[in-house]
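Residues in the sequence shown are numbered consecutively from 1, following my numbering. Written out below as structure tokens is the structure these notes cover.
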Amino acid sequence: MKYAYPVIFTRTEDEKDTILIEVPDLEIMTEGFGVADAIEMARDAIGLSGITLEDMSEPIPLPRDINEIDLKKSEFASAEKSYVSLVDVDFTKYRKKVDNKMVRKNVTIPNWLNKAAEKEKINVSKVLQEALMEKIGIVH
Numbered sequence: 001m002k003y004a005y006p007v008i009f010t011r012t013e014d015e016k017d018t019i020l021i022e023v024p025d026l027e028i029m030t031e032g033f034g035v036a037d038a039i040e041m042a043r044d045a046i047g048l049s050g051i052t053l054e055d056m057s058e059p060i061p062l063p064r065d066i067n068e069i070d071l072k073k074s075e076f077a078s079a080e081k082s083y084v085s086l087v088d089v090d091f092t093k094y095r096k097k098v099d100n101k102m103v104r105k106n107v108t109i110p111n112w113l114n115k116a117a118e119k120e121k122i123n124v125s126k127v128l129q130e131a132l133m134e135k136i137g138i139v140h
């Protein structure tokens, strides 16, 4: 599922070109160095927040309309160098990107099939992964 969240960016104009970042709908903050890094940091913070909520079986808040964001209510409003922009995140793709730890599963197959797979030097784990992705409808 892909969403575009309104994000408040506030320039600090320091030597690192630090940009403070606030995502009001998810109540998260982070920072980046320069515009490109700030957008990437915002996307990463949104993605991590979303998959964490999913893991806790909590709903991911829907993004508000960008016009509903009041800069005066921003945590960094005193800086007066803030602007709002949208940052999109595909939570399914984000999870695939960051949640790649391998999980051991025991699989039972007939001995004759195991011997045939070994003879053909077939990686059973890889075949199982591919089959599961196909069954679920995940394109890899």
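Here a beta-carbon is modelled for each residue, glycine too, at the ideal position from N, C-alpha and C. Every value quoted in this text rests on a predicted model; they were computed, and no experiment measured them.
Within the same chain, and ignoring the five residues on either side of residue 113 in sequence, no residue has its Cβ closer than 6 Å to its Cβ.
Contact between the segment 11-29 and the segment 99-110 is absent: fewer than three C-beta pairs spanning the two stretches fall below 8 Å. If you check the CB distance, residue 6 and residue 43 do not come in under 8 Å. With fewer than 16 neighbouring CB atoms inside 10 Å of its own CB, residue 92 falls in the exposed class. The beta-bridge partner set that DSSP reports for residue 29 consists of 22. In this model, residue 123 and residue 132 are separated by some 14 Å (Cα to Cα). DSSP, reduced to helix, strand and coil, places residue 52 within a helical segment of the structure shown. With contacts defined as CB atoms closer than 8 Å, residue 32 and residue 41 qualify as a contacting pair.
One thing to note: residue 45 has its Cβ no nearer than 8 Å to the Cβ of residue 66. DSSP places residue 92 within a helical segment (H, G or I) once states are collapsed to three.
Secondary structure at residue 8: strand, using DSSP grouped into helix, strand and coil. In the three-state DSSP reduction, residue 125 falls in the helix class (H, G or I).
When beta bridges are read from the DSSP output, residue 2 appears opposite 90.
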